[in-house]
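> Protein chains in written order, with full-length UniProt numbering: chain A, 1 to 386; chain B, 1 to 386; chain C, 1 to 386; chain D, 1 to 386.
We put the beta carbon where it would ideally sit given N, CA and C, even for glycine.
There are 4 protein chains.
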Amino acid sequence: MTPVSELVDRTRQFVRDHVIPVEREVVVGGRVTDDALRLDLQKKAKEAGVFGPLSDPAYGGLGLDTRAQAEVLEAAGASLLGPLAVNAWAPDDGNIHLLAAVANPEQQQRYLAPLASGEVRSAIAMTEPAPGAGSDPRMLATVAEETDTGWVINGRKHFTTGAQGAAFTICVAATTDGPTMFLVDQDNPGLRVGRRMPTLDHTSAPGGHCEVEFVDCEVEESAILGTVGGGLDLAQARLAPSRLVFCMNWLGLAVRAQQLAAEHITGRQSFGVPIADHGMAQGLIADNEIDIAAARSLIRATAATIDEHGATSGQARHEASITKTFVSEAVWRVLDRAVQLHGGLGVCEDYLVARFLVEARAFRIYEGPSEVLRWSIARRVLRGPR
Amino acid sequence: MTPVSELVDRTRQFVRDHVIPVEREVVVGGRVTDDALRLDLQKKAKEAGVFGPLSDPAYGGLGLDTRAQAEVLEAAGASLLGPLAVNAWAPDDGNIHLLAAVANPEQQQRYLAPLASGEVRSAIAMTEPAPGAGSDPRMLATVAEETDTGWVINGRKHFTTGAQGAAFTICVAATTDGPTMFLVDQDNPGLRVGRRMPTLDHTSAPGGHCEVEFVDCEVEESAILGTVGGGLDLAQARLAPSRLVFCMNWLGLAVRAQQLAAEHITGRQSFGVPIADHGMAQGLIADNEIDIAAARSLIRATAATIDEHGATSGQARHEASITKTFVSEAVWRVLDRAVQLHGGLGVCEDYLVARFLVEARAFRIYEGPSEVLRWSIARRVLRGPR
Amino acid sequence: MTPVSELVDRTRQFVRDHVIPVEREVVVGGRVTDDALRLDLQKKAKEAGVFGPLSDPAYGGLGLDTRAQAEVLEAAGASLLGPLAVNAWAPDDGNIHLLAAVANPEQQQRYLAPLASGEVRSAIAMTEPAPGAGSDPRMLATVAEETDTGWVINGRKHFTTGAQGAAFTICVAATTDGPTMFLVDQDNPGLRVGRRMPTLDHTSAPGGHCEVEFVDCEVEESAILGTVGGGLDLAQARLAPSRLVFCMNWLGLAVRAQQLAAEHITGRQSFGVPIADHGMAQGLIADNEIDIAAARSLIRATAATIDEHGATSGQARHEASITKTFVSEAVWRVLDRAVQLHGGLGVCEDYLVARFLVEARAFRIYEGPSEVLRWSIARRVLRGPR
Amino acid sequence: MTPVSELVDRTRQFVRDHVIPVEREVVVGGRVTDDALRLDLQKKAKEAGVFGPLSDPAYGGLGLDTRAQAEVLEAAGASLLGPLAVNAWAPDDGNIHLLAAVANPEQQQRYLAPLASGEVRSAIAMTEPAPGAGSDPRMLATVAEETDTGWVINGRKHFTTGAQGAAFTICVAATTDGPTMFLVDQDNPGLRVGRRMPTLDHTSAPGGHCEVEFVDCEVEESAILGTVGGGLDLAQARLAPSRLVFCMNWLGLAVRAQQLAAEHITGRQSFGVPIADHGMAQGLIADNEIDIAAARSLIRATAATIDEHGATSGQARHEASITKTFVSEAVWRVLDRAVQLHGGLGVCEDYLVARFLVEARAFRIYEGPSEVLRWSIARRVLRGPR
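(1) Candidates Ala362(B), Gln164(B), Val4(B) and Thr66(B): which alpha carbon is nearest Val339(A)'s?
(2) Within this structure, are the beta carbons of Ala254(D) and Ile265(D) separated by less than 8 Å?
(3) Give the DSSP bridge partners of Gln269(D), in chain order.
(4) Taking 8 Å as the threshold (beta carbon to beta carbon), is Arg379(B) in contact with chain A?
(5) Between Gln42(A), Val245(A) and Gly194(A), which lies nearest to Gly94(A) when the distance is taken from Cα to Cα?
(6) Where are the beta strand (DSSP E) runs, 3 residues long or more, that stay fully inside the stretch 138 to 178 of chain C, in chain order?
(7) Across the stretch 279 to 294 of chain D and the stretch 109 to 116 of chain D, are there enough close Cβ pairs to call them in contact, namely three or more that are closer than 8 Å?
(8) Using a Cβ-Cβ cutoff of less than 8 Å, which residues in the same chain neighbour Arg24(A) once the five nearest sequence positions on both sides are dropped?
(9) In chain order, what are the residue ranges of uninterrupted beta strand (DSSP E) at least 3 long that sit wholly in the stretch 244 to 326 of chain B?
(10) Run through chain B and tell me which residues come within less than 8 Å of Gln282(D), C-beta to C-beta.
(11) State buried or exposed for Asn249(C), treating a residue as buried only when at least 16 other CB atoms are found within 10 Å of its CB.
(12) Show which residues of chain A have a CB atom less than 9 Å away from the CB atom of Glu263(D).
(13) Determine which residues share a DSSP beta bridge with Ala242(C) and list them.
(14) Would you mind working out which of Val120(C), Gly231(C), Asp17(C) and Phe14(C) sits nearest Phe182(C), comparing C-alpha positions?
(15) Against Phe356(C), what residues of chain B qualify as contacts under a CB-to-CB distance less than 7 Å, listed in chain order?
(16) When you compare only the Cα positions, how much space is there between Asp35(A) and Val215(A)?
(17) Measuring only the C-alpha atoms, how far is Ala262(D) from His342(D)?
(18) Measuring only between beta-carbons, confirm whether Leu239(B) sits less than 8 Å from chain C.
(19) Beta carbon of Gly134(C), beta carbon of Ala141(C): below 8 Å?
(20) Taking Cβ-Cβ distances shorter than 8 Å, what residues in chain D pair up with Ala70(C)?
(21) Name the DSSP bridge partner or partners of Asp185(D)?
(22) What did DSSP end up calling Ile224(C) once you bin it into helix, strand or coil?
(23) Quick check: what's the CA-CA separation for Gly368(B) versus Ala320(B)?
(24) Between the alpha carbons of Thr147(D) and Thr227(D), how many angstroms are there, rounded?
(25) Select from the stretch 61 to 90 of chain A all residues with a C-beta closer than 7 Å to any C-beta belonging to chain B, and list them in chain order.
(26) Would Ile322(A) count as contacting chain D if we go by Cβ distances under 8 Å?
(27) Could you work out which residues of chain D lie near Glu6(C), taking near to mean beta carbons separated by less than 8 Å?
(28) Pick out whichever of Gln236(A), Val143(A) and Glu128(A) has its Cα sitting closest to the Cα of Gly310(A).
(29) Beta-carbon of Glu266(B) versus every beta-carbon of chain C: anything under 8 Å?
(30) Near Leu373(D), what residues of its chain come up, given a Cβ to Cβ distance below 7 Å and the 5 sequence neighbours on each side ignored?
(31) For Ala75(B) and Gly252(B), which I take to be in contact (beta-carbon distance under 8 Å), what is that distance rounded to the nearest angstrom?
(32) Just to confirm the assignment, what range does the alpha helix (DSSP H) spanning Ile377(D) have?
(33) In chain B, which residues lie less than 7 Å from Gln269(A) when you measure between Cβ atoms?
(34) Tell me, to the nearest whole angstrom, how far the beta carbon of Thr175(A) is from that of Gly229(A); I am working on the premise that it is less than 8 Å.
(35) Listing by chain order, which chain B residues have their CB less than 7 Å from the CB of Ser55(A)?
(36) Name the DSSP beta bridge partners of Ile124(B), please?
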């Protein structure tokens, strides 16, 4: 196994040499983040030995524990496209975790192997248009009914991340025994991928967030992931690692934005001195540094808890909720200050920080909006005294 | 003169009936905010009797004092395109103020009359690429030299708001007697409008923020606005009203976003009750209401100061700095909370709040970044004890 | 009637010359804020023509509308003891409002006249120890039962502001027809004033916040204020003016703290320049100035609403809730920054800002904690869409 | 060596059983925190095997590394008097660190041994009244001049923590070779301890913050700590551990306040449900939990850096600055929210959170005000790009 710090350095160098130039073409030049681009970046990541921080060596991955992932993904996150390049971007990151944890051997061979190796992409279909399931999973309206030969799924989803061009979709549907996860091949005629939704985060991944409809979508018994009725537990099991991977990636982008801002203000003058000599600019830089340090230490502490107690332990889930809430808000503050430190240029996409900020807005909402997470954090705290 | 409250009602109705449908076409449907669209909206505004809150009845305007403008523009600001529709959007709003205050009769007839009536648009060319003038006007690098027949201007500008399709540009250039403002016709062969910069705020106005070059740009003596060397004073004189108009407009958008959020959460359920019954959602709604009320009262107090003491008085300028800083940050918070209250839908441009937030980011930077304004506010406070 | 601005100047001068020296004796020298001190200050206030901003000329007051009160009380609030000196401090301010609005002529003569003239002090007994009434008035546990000759009150109260040394207490007690207010003479043998509670705000008023017990406390029919069962409405009617008066007073203290901080940092050096030249110190000064300006404009706008629509109008109550929430939090921020700007000296009571901060903490809680006010603000906003 | 987790449990139990009852006598009952009280608590701490987390077993200490100190002192910090009880409170904690690191064997025997064992207390005399040294050590005005037999010190200090009743004072004075530290016995006739300053934090320690004067104060050569002219380096070396110990202790108090608040709101009703069911109360609880988790992970990460790279390494100092800034502000927020969650009772010293808040205010100022720390953090960040 490669020592982690060396892998971090390699990842950092890979991002600088191979990803950041492409990022500029995408953000400034309007190049589309499609699968050709993804495959090209991932090929280079493999050549650089930095591909697969989330997956097992059996699938060409790096076999890292969560603590090591934290360091490597912070390095990969320095570019909006870095996590995609190393195959640690949503929804594939969470799906890799999930399939590795609960898929049976046949499912692992059929779905996990090509996903973990970057051969294909995947999607996750949970969220539904009102009055279906949003933050509250009990409102699930998509239904799977048992048939003689398997199951038939009906219902509408939206924000189905990664749907365009995916090889398969993990769909959560209600059964008489409770919510259940199904592995649905994308070429299933009952799975209809609709329009890509016009979300603010459109740069960082192929596949988009899509409207998806399941219309008499027939799947075999073997499509069931885990157990019938066990879907909510699986969704929970997927959450802590998925939330933490987002935190690692976005922390990397915050660190990059801080560097861009620091360089910008040391190179520019106003009122007779470099902007970097103005106390209020220094205050923004220091606040960024504090937010970054706190985010980093929370992520690493939670990673250690996952490694020691497992991702489904109550402690890991509590810490992941806290960390996701803090980091998503801290990253937003850092990116916002980086924009402000660029002055007028900060709202011009010639400078990447403008795009970074817009892309990051969804992070405070997906995988649990801050308010829902705070609610769940408080309930756990208050359970003690009750 | 129409009583103000009636005019406010009419403006509100006009925005609802004629502007908001077009706004949806622009934000969701991708319709371009060009001059055809502008002229159509302004024609309807004239028919509705709500055109011209910033200009004199002599030019078809409504002849309002600043206090009345505050109420009317808050109503107009309910849509991103409302201020444009009533001819109170940058940079024309500030240019109308400036020309009304300092242009000579010939200049008023030639430039102010068509601008105030909506016949043409204008641009303002102040900011320069580094190492030229940004927040610090003393760094002005564009130069005007006197010739036998007038002046010749050379230099590069960027963020020249409104440049594409404008009829004329007000250019600030250095002379041996100090910064000076020049009225340059857009068809002057020495004025070269370059690319439209890819700024985050691209929806709300035709004309964009452009790169502009002045190459041996010859103008006559009559092109001078105010006095030679008096350009900085004019820029200052333009600032207080311009900052306040922005505040009025954006406050209107914050009020709209709050309404959209309140409607959204009363109509949706989660965890067994309407989202509107969740305490943390109520907290966001209340924080919005407080920010809106504080912003509104600051704007109106500053408007009263302008009406009583003049826009160039020290008191008006101090209050306008305070108000611009507070309102730009309060509006940002309100829009951000409105996004959050929409959950996942809030970052999808099907819902307008996503676009509102992105468009608003520049407001904390243009016409004085918050940090530069805080510096100037503090210096005035500290002048007392010194 | 004296023009307001002249009265403001006189109040400012009175505070500077007569109150601030006494304040120093109290805060630094340990002098007790007793009734001798109060009577002495109020005598001087009468001599200076600044006594009674809240009361009618019939009682020796200044007969000001709410807008004028806002200006005068901001001036009086420059010292912790200024509002007491002019007879506008809790609970007498609210009791004066209440008695003026609803007491019958006999009650006005017996209770309002000596209170408004400063002859006596009063108390208000609403809050009860758990499980009695705190923020939720429906939990009222003190009971009044009708007898042949009047009423008998039984129950325990705490945080009874002003109880030590008061001439009478307004007590809220439950009757079969609902909560009712009673005027109880302090020498009633059934009214037992217990210990003064060790609250953080102990400097600014005689009378304290006390534990009080009503034990078979007999009062006559004439003790009823307003109507039987109308106590909650009266409490509500008392609230908006009382909240606003607190805002006016505390705003004055925030303004004073800002002046003290500005003077401090202009007179001290660190790292080779006056502290006032450090950008981060300027940022704190500017944030204070913004908070003060926003607080002032909110207070004045709400005062105008009270003058135009009445203190019990829905609009006035909504605005007073917003204003109290914002101002109590803004004042806290201003005082906290003023402490910080004093460095180590800021936490030493040789410098008054330390005491100001500690005294102010309760303002975010009494007369409605911020959270309860936010809840009520949100409900009103959300009532629209519902 | 005792395993850390067991020691943490023992410390927690010791604080609960022996310290918290005394804390109540001090905060509510007015008992004075004098040396009799300290010696009694420390005797019990020794009996419980929890005395001396900062010192060497040679002096009766526990011999912990910084990581273990973080866990133990968080437990000790659960009471305002806990750190004092285990001998980890200012200024003795920092003086123990300093003497252990740089004192010569004679000095260690004479000063460190009795200090580390709790036999005596000590003081530190750095800060001076204006125009002497505050945040800027270059403004040092106290002077030491070499004589035939040693040195003579003259100058005035204030905020000399621990001076009343100390056995010795570490004094920083200017020499021709630069700032130098001297060990001065408290019975030296040239050392005059003046009044105890009326600071907000008066509960948590004997000795106070005092005014001190050195008048022809003669000391021998052996009084020099470290090297002549090396005083600033020593002060810096003292800082990182001292800052971190404060963070550990105060984090413990924040955790306690959160528990008190959680218990309070689960046991009280308002508006028909336990306060703990109100969303805004839950929001405060969650924000506390997030602040506590971030503070804890920052402290432990910095502790690990100190253990690995040494307390005087640049990395340790940078991290300690970040951690002190974040933790001092996070603790303040937590305590403030805990007060708010107690409602009116929260500002009454019957409930300890009121006293906790007041005591904590100085933590954002001593050992480096947040603004000075932010400046130093920013400079380090900006050194990279320059």
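This is what the structure gives:
(1) Ala362(B)
(2) no
(3) Pro274(D)
(4) no
(5) Val245(A)
(6) 143 to 146, 150 to 161 and 168 to 175
(7) no
(8) Leu352
(9) none
(10) Gly279 and Met280
(11) buried
(12) Gly384 and Pro385
(13) One detail in the question is off: residue 242(C) reads as Ser in this sequence, not Ala. Answer is none; Ser242(C) lacks a bridge partner.
(14) Gly231(C)
(15) Within 7 Å Cβ-Cβ: nothing; Phe356(C) doesn't reach chain B, min ~18 Å.
(16) 27 Å
(17) 9 Å
(18) no
(19) no
(20) Result: empty, since nearest Cβ-Cβ is about 26 Å, beyond 8 Å.
(21) Phe168(D)
(22) strand
(23) 11 Å
(24) 17 Å
(25) none
(26) yes
(27) Here the premise fails: no neighbours, minimum Cβ distance about 38 Å.
(28) Gln236(A)
(29) The question names Glu, yet the displayed sequence has Thr at residue 266(B). Interface residue, yes.
(30) Ser321, Lys324 and Thr325
(31) 6 Å
(32) Ser370 to Arg383
(33) Pro131
(34) 6 Å
(35) Simply none; closest approach about 28 Å.
(36) Thr161(B) and Ile170(B)
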